[in-house]
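Asker: Just so you know, we're using our numbering here: the sequence shown kicks off at 87 and counts up by one. Positions of the beta carbon are idealized from the N, C-alpha and C atoms, including for glycine.
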Amino acid sequence: MAEAALFDTFARAPLRFERGEGVWLVTESGERYLDFGAGVAVTSCGHSNPHLVDALKSQAEKVWHLSNLYEIPEQERLARRLTEATFADKAFFTNSGAEALECAIKTARRYHYSKGNPEKFHIITFEGAFHGRTIATIAAGGQEKYMEGFGPKAQGFDQVPFGDLDALNAAINENTGALLIEPIQGEGGVRSVPKEFMRELRRICDEKGLLLILDEVQTGVGRTGKFFAHEWSGITPDIMAIAKGIGGGFPFGACLATAEAASGMKPGIHGTTYGGNPLAMACGNAVLDIVLADGFLDNVRDVALVFRQGLASLKDRFPEVIEDVRGEGLLLGIKAKVPAGDLVTGMRDEHMLAVPAGDNVVRLLPPLVVTAEEAREGLARIERAAEKISAERMKKSA
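1) In this structure, does DSSP put E162 in helix, strand or coil?
2) Who pairs with L497 in a beta bridge, going by DSSP?
3) Look up Y119 in the DSSP assignment and give the residues it is bridged to.
4) Just to confirm the assignment: which complete beta strand (DSSP E) runs, minimum length 3, are found wholly within the segment 164-242?
5) Less than 8 Å separating the beta-carbons of A174 and M326?
6) Can you check DSSP and say which residues form a bridge with F103?
7) Between which two residues does the alpha helix (DSSP H) carrying E478 extend?
8) Look up A422 in the DSSP assignment and give the residues it is bridged to.
9) Could you spell out the range, first to last residue, of the alpha helix (DSSP H) harbouring G396?
10) Using only alpha-carbon positions, find the residue among R434, K148, V407 that is nearest to V424.
11) Go ahead and label D121 buried or exposed: buried means 16 or more other beta carbons lie within 10 angstroms of its beta carbon, across all protein chains shown.
12) Given that a residue counts as buried once 16 or more other Cβ atoms are within 10 Å of its Cβ, and exposed if not, what is Q245?
13) Go to M326, then tell me how far its beta strand (DSSP E) extends in each direction, as first and last residue.
14) How is E286 classed by DSSP in three states: helix, strand or coil?
15) Suppose you measure from the CA of K482 to the CA of I468; what does that come to, to the nearest Å?
16) Do P323 and L300 have their CB atoms nearer than 8 Å?
17) Please report the distance separating the alpha-carbon of R412 from that of N385.
18) Exposed or buried, what is T95 when buried is set at 16 or more other beta-carbons lying within 10 Å of its beta-carbon?
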């Protein structure tokens, strides 16, 4: 059993996929599955996207790795494109979302240190958050199930209830340097932060000299129908962590910041061996070719509307299975009345993949290239799963 040689940290489904095509995955035996998990919001441009494949192959034939001891033209190009399309002036490339958050945390702390305020290293986060699996990011997330057994919680993270402005204001003190929030809590159950709350966070940071850090690892790169989810509220952060969709399946992330917020990050203060490598940069630039193309995000919003309306109809038809529909764009969640795992399994029985989340929610995260027809196919499979679950519950109660 090859599985026995691996750490026992994952409860994997008994599926082995051999290849992918757009929104479809194909098993070793040739069975096709509609992939509305996208590797947890990663394969933004679909499986085996020809443009990404060509970009990766082309770069692989030149040079794979250099380290940041030398200039990397594609890294400079991607940084320029990201800063031109966002609030940011500076970019630091990482290998994952958690590393992007680590960089964001260090950038915020270093900013206040460089201004002569080393005591302002505390960051306020919100209950239900998920910011990664490193020692610092599990402390930032604050969820006991992720921290248990890993020693004392890393210092400098204070948590308040989700959406509670009074608690937030009460928690801010002379040691507070920043606020950190996801515009939509993905792992926490697809809970959207109200736009007015986001605007209040910006106002509080401006008023009190704090930095606003956004975790857009899951919500960014077109996932909600805007390039980044914070655009819906009309605010901008000082620092932002991104990953997942920016690589289209190739692992990398980035920390974006204003020049002022990044002013404390001097040579030698932070570093990475693999971050910003030529292969990752080729993929990132190819993803932006697609996501920033005219009409792409309009199509994401159009398909999301079809999908959202269909899910609302299923909620009305199966209230004993579906309690609520949440989210924005193509980051949607079904809050289930039944155990969410049962609904994920039922969908998988219909050859459709989804991702469980907190608060008994099933996440639906299709590739952003999904068509309206494929969204309707997904709805049909969710419907069949709900019908079977409903029938089974009626049978048990009879």
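Answerer: Concretely, from the data shown:
1) helix
2) No information on residue 497 is available, as it lies outside the stretch 87 to 484 that the chain covers here.
3) L111
4) 176-180, 208-212
5) yes
6) T113
7) 458-483
8) I408
9) 382-403
10) V407
11) With 16 or more other Cβ atoms within 10 Å, it is buried.
12) buried
13) Going by DSSP, M326 is part of the beta strand (DSSP E) stretching over 325-328.
14) helix
15) 21 Å
16) yes
17) 20 Å
18) exposed
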